[in-house]
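The listed protein sequences derive, respectively, from chains A and B. Mapped onto the working numbering, the consecutive letters of the first sequence carry residue numbers 6 to 195. Mapped onto the working numbering, the consecutive letters of the second sequence carry residue numbers 1046 to 1245. A virtual CB, placed ideally from N, CA and C, is assigned to each residue, including glycine. Following: one structure in structure tokens, then a few remarks.
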Amino acid sequence: MKHPDDDLPAFVNGTLHASEREAIQTHLAGCEQCREEVHWLATLREQMQNDPLPAVNEMGMARLMKAVRQEEKPTATSAPGWWRGALAAAVLVVVAQFGVIAVQWQPDTVYRPLGETVQSPRIQVRFAETATEIQIREVLERIEGQIVEGPSALGLYRVSVPDDASVQAAAETLQAAGDVVEQAMVESAQ
Amino acid sequence: MTDSVAEEQALLQAVADGDQRALQTLYRRWQPRLQYYVQSRLGGDAAAAQDVVHEVMLDVWRQAGRFEGRSKPLTWAMSMAHNKLVDYLRKWSREDSHDNVPEPEDHDEGDTAAAIQGSQEAAYLHHCIRQLPDGQRDAIQLAFFDDMAYPDIAEVIDCPLGTVKTRIFHARAQLKRCLSALMKGLCSLDEPDGCSPRPS
Chain A
6 MKHPDDDLPA
16 FVNGTLHASE
26 REAIQTHLAG
36 CEQCREEVHW
46 LATLREQMQN
56 DPLPAVNEMG
66 MARLMKAVRQ
76 EEKPTATSAP
86 GWWRGALAAA
96 VLVVVAQFGV
106 IAVQWQPDTV
116 YRPLGETVQS
126 PRIQVRFAET
136 ATEIQIREVL
146 ERIEGQIVEG
156 PSALGLYRVS
166 VPDDASVQAA
176 AETLQAAGDV
186 VEQAMVESAQ
Chain B
1046 MTDSVAEEQA
1056 LLQAVADGDQ
1066 RALQTLYRRW
1076 QPRLQYYVQS
1086 RLGGDAAAAQ
1096 DVVHEVMLDV
1106 WRQAGRFEGR
1116 SKPLTWAMSM
1126 AHNKLVDYLR
1136 KWSREDSHDN
1146 VPEPEDHDEG
1156 DTAAAIQGSQ
1166 EAAYLHHCIR
1176 QLPDGQRDAI
1186 QLAFFDDMAY
1196 PDIAEVIDCP
1206 LGTVKTRIFH
1216 ARAQLKRCLS
1226 ALMKGLCSLD
1236 EPDGCSPRPS
């Protein structure tokens, strides 16, 4: 058997099929040159994997979720053609109804843009300057919270919690994490 | 199929159905690896890498419904990262030496395995990896840092399987040459233009 040089990296990183792996093990038993190469590749792999991965970028995730919320989730790819037509018709009916309602609206009514949805209360949070990203992540995971906005010019973030969770309890949990959170305050519902 | 692959396929399906929490779970799993891959290709520019990763994850959100399961979900995302990276580099007119594969030269391997075991030696290795042409660096990184199979690497960097093998072959030779030169003092870590042995 000629030296299986091309397959040695896959042998070392464990992605070779079992039968090929067996053939290489048989070859290695009688080939010092390939054994040395496997040793070298294994050392290379070990050294490369010693390089730590960066921590999850929580701010990056907040930025992503903000961008996602700003986008309308595309659904047309999975909907059949007739359904799209029906949906468009339904939207037209709803828009027309809103038009009628808008004409009949009383002046003392609180106005709200049509596209705006009612949001559950959020928590306004200021993290401690010394808090690390890992600490922030842990404390947010405790309340299943998501950063939905921030930082503001004052360094404040808005955090949302699941609809079925108590926002007050979540704020208290945050406030209790004194080394991570400087201030956590429930905002009034919008 | 491994459990994590099946799990990620289910998460992608949930993302395709509009589940933002599933997207967050995938972000937590993938962002560090994507960031590492992109940042190493951008010479350590963390901010630029964050922008690229943001675009990738936004595309995961937009295109999850198009994932056909022909590859692993992470391979699919890494492939998008690679394409974004190429676009980014093209946009900023950075030199991309994908096809600049030098011919292998004879070299004295010496004990290059020992050369990459200590901390000083780890610095040697990082230096030598940085000297590799982009295409070789991608292939060697995906093979040994990400433990990817050749077909997955081929999908990520969008090239034939044979090219992956060739790039890894040349990268190995180049790394040995560079490490050997550093160990013998033929060049130093300060040299900006690599560590090819000087002619005697």
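Bounds of the alpha helix (DSSP H) holding Ser-1225 (chain B) are 1206–1228. With distances taken between CA atoms, Leu-69 (chain A) lies nearest to B:Thr-1070 out of B:Thr-1120, B:Glu-1113 and B:Thr-1070. Taking C-alpha positions only, Cys-1204 (chain B) is separated from Ala-136 (chain A) by approximately 44 Å.
Straight across, the Cα-Cα distance linking Met-1193 (chain B) with Arg-1115 (chain B) is about 15 Å.
At a Cβ-Cβ threshold of 8 Å, Val-1098 (chain B) and Gly-65 (chain A) count as neighbours. The contact set of Ala-1188 (chain B) on chain A, defined by CB atoms closer than 7 Å, consists of Pro-14 and Asn-18 in chain order.
At a Cβ-Cβ threshold of 8 Å, Gln-1219 (chain B) and Gln-1181 (chain B) count as neighbours. Interface with chain A (8 Å Cβ-Cβ cutoff): Asp-1090 (chain B) is excluded. DSSP lists no bridge partner for Ile-141 (chain A). Using a Cβ-Cβ cut-off of 8 Å, Leu-1071 (chain B) does not count as an interface residue toward chain A, since no Cβ of chain A sits closer than that to its own.
By DSSP's assignment, Val-1097 (chain B) forms no beta bridge with any residue.
Ranked by how close their Cα comes to the Cα of Gly-19 (chain A), the residues B:Cys-1223, B:Phe-1190 and B:Arg-1222 have B:Phe-1190 in first place. Among the CB atoms of chain A, none fall inside 8 Å of the CB of Val-1097 (chain B). Going by DSSP, Val-130 (chain A) is part of no alpha helix (DSSP H) but of the beta strand (DSSP E) stretching over 128–132. Here the stretch 1069–1085 of chain B makes contact with the stretch 1050–1057 of chain B; the two share three or more CB pairs at distances below 8 Å.
As the crow flies, the alpha-carbon of Thr-1211 (chain B) is around 10 Å from that of Arg-1217 (chain B). Relative to the Cα of Lys-1221 (chain B), the nearest Cα in the group B:Trp-1106, B:Gln-1095 and B:Tyr-1169 belongs to B:Tyr-1169. Residue B:Ala-1094 holds the alpha-carbon nearest to the alpha-carbon of Asn-62 (chain A) among B:Leu-1130, B:Gln-1108, B:Trp-1106 and B:Ala-1094. Sequence-distant partners of Ala-189 (chain A) (beyond 5 residues in either direction) whose C-beta falls short of 6 Å from its own C-beta, in its chain, are Ile-128, Val-130, Ala-176, Leu-179 and Gln-180. As the crow flies, the alpha-carbon of Glu-76 (chain A) is around 24 Å from that of Leu-161 (chain A). Looking from the CA of Glu-1166 (chain B), the closest CA among A:Leu-33, A:Lys-7 and A:Thr-48 belongs to A:Thr-48.
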